[in-house]
Amino acid sequence: MKRNSDAYLPYRAVHAQRLHDARQRKKNKKKLEKFEYAKLREYVVNKLNQNCSPDQIAGRLKDQPPPGLNGTTVSHESIYQYIYNGEGRFEYLYPHLRTKRSKRQRRFDRKKHNKINIPERISIHLRPAEINEKSRVGDWETDSMIFSKQKNTLSVQYERKTMLCRLRKLKNKEAGETEQAIAQSVESLPNELWQSITRDNGLENAKHLNTLNTFNVQSYFCDAYASWQKGGIENLNKLIRQYLPRKTDMSKISHDEIYAIQEQLNNRPRKSLNYLTPNEVIAKYI
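Quick note, my numbering runs 879 ahead of the 1-based positions in the sequence shown.
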């Protein structure tokens, strides 16, 4: 009763309730709403406006802390809470999420992802230094792009140093289909230009040993929910969406059209390549 009483007045229930409610509001205030985390909030909102996902933002804060934040981190769940339930809902941030949902799905409505047992999975943290440093050609990233209400997918491969890409339209996202597409990408270039592949933990990558046994190309796997660890291909996917939005009916897109998109991307000058194109750079190694 003492903590809910005025120092000079007797205990009053209404006054006590107000004090209790004020304490609860302060207690329940989300991290990104607190005054002492203003710089962190500014950083997160800025990254959201650049279409980075909460998972990517949280991951970068943890593994590659930006200067000025003194190592302060925030979880991806806290970022979602800020967007949908906190002050962030007044900042109209949800259109920058991939789903663009104005309301967040309830937990029990979200798809459950069963744990996938990938045989002989090697962590990205065991990847050789030359891959991380992009000091050689032949280290690739791979991903699968999905489209609304259809089984057709796009298998995407991206070479980290030259920014070269390979695109293959698939009937579905199954592991066999995916590995066959990767095999076609490998065969499109000399063997020495395929040293490694970095993957996520999706079911489509469960047969990665096929590529290892056939082409001697080792695969490394990102941490769970850490798509930013293969950021090159994530950025490439955004470029591909300019040609193939999520609602594209892939059954009407031919393999020749996919190839044309691939070569348009490979013939784009890139600032990080001193305005050479990926095709011009890879030609030096063939």
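Heads up, the beta-carbon is just placed ideally off N, CA and C, and yes, glycines get one too.
The DSSP-derived three-state label of LEU1123 is coil.
The beta carbons of LYS1052 and THR1032 sit closer together than 8 Å.
Counted as a single uninterrupted DSSP element, the beta strand (DSSP E) harbouring GLN1036 occupies residues 1032 to 1038.
In this structure GLN1108 touches ILE1003 by the C-beta definition: roughly 6 Å separates them, less than 8 Å. Non-local beta-carbon contacts of TYR959 in its own chain, meaning distances under 7 Å to residues more than five positions away in sequence, involve PRO933 and ARG983 in chain order.
MET1129 has no beta-bridge partner at all, per DSSP.
Cβ-Cβ distances below 8 Å link ALA1062 to ASN1089, THR1090, THR1093 and PHE1094 in the same chain, with the five nearest sequence neighbours on each side left out; the list follows chain order. The stretch 1033 to 1052 and the stretch 1108 to 1124 touch, with no fewer than 3 CB-CB distances between them shorter than 8 Å.
The stretch 1131 to 1139 and the stretch 1041 to 1052 touch, with no fewer than 3 CB-CB distances between them shorter than 8 Å. In this structure, VAL1016 sits away from TYR1138, with a CB-CB distance that is not shorter than 8 Å. Between the alpha carbons of TYR916 and PRO945 lies a distance of about 14 Å. The criterion of a C-beta distance shorter than 8 Å is not satisfied by ASN1145 and THR1127. When secondary structure is reduced to three states using DSSP, THR978 falls in the coil class, being assigned neither helix nor strand. Taking C-alpha positions only, GLY938 is separated from LEU911 by approximately 16 Å. Between THR1021 and ARG1078, the gap from beta carbon to beta carbon is short of 8 Å.
For TYR961, the closest of LEU927, PHE1026 and THR978 by C-alpha to C-alpha distance is LEU927. When secondary structure is reduced to three states using DSSP, TYR1154 falls in the coil class, being assigned neither helix nor strand. The three-state secondary structure of SER957, taken from DSSP, is helix.
Out of GLU1058, ALA1105 and ASN1153, the CA that lies nearest to the CA of ASP942 is found in ALA1105. When the five nearest sequence neighbours on each side are left out, the beta carbons in the same chain lying within less than 8 Å of the beta carbon of PHE1100 are those of ILE997, ARG1000, ILE1001, SER1002, ILE1003, THR1077, ARG1078, ASP1079, ASN1080 and ASN1084, in order along the chain.
Assigned with DSSP and collapsed to three states, THR1041 falls in coil, not helix or strand. Distance check between LYS1086 and each of ARG980, GLY1055, VAL923 and TRP1073 places GLY1055 closest, using alpha-carbon atoms only.
Between SER1075 and ILE1161, the gap from beta carbon to beta carbon reaches 8 Å or more.
If the five residues before and after SER1064 are omitted, its C-beta is found closer than 6 Å to the C-beta atoms of GLN1036 and ARG1045, all from its own chain and listed in chain order. A straight line joining the alpha-carbon of LEU1043 with that of SER1151 spans about 13 Å.
If you ignore the 5 residues before and after TYR973, its C-beta comes within less than 8 Å of the C-beta of ILE962, TYR963, LYS979, ARG980 and SER981, all in its own chain and listed in chain order.
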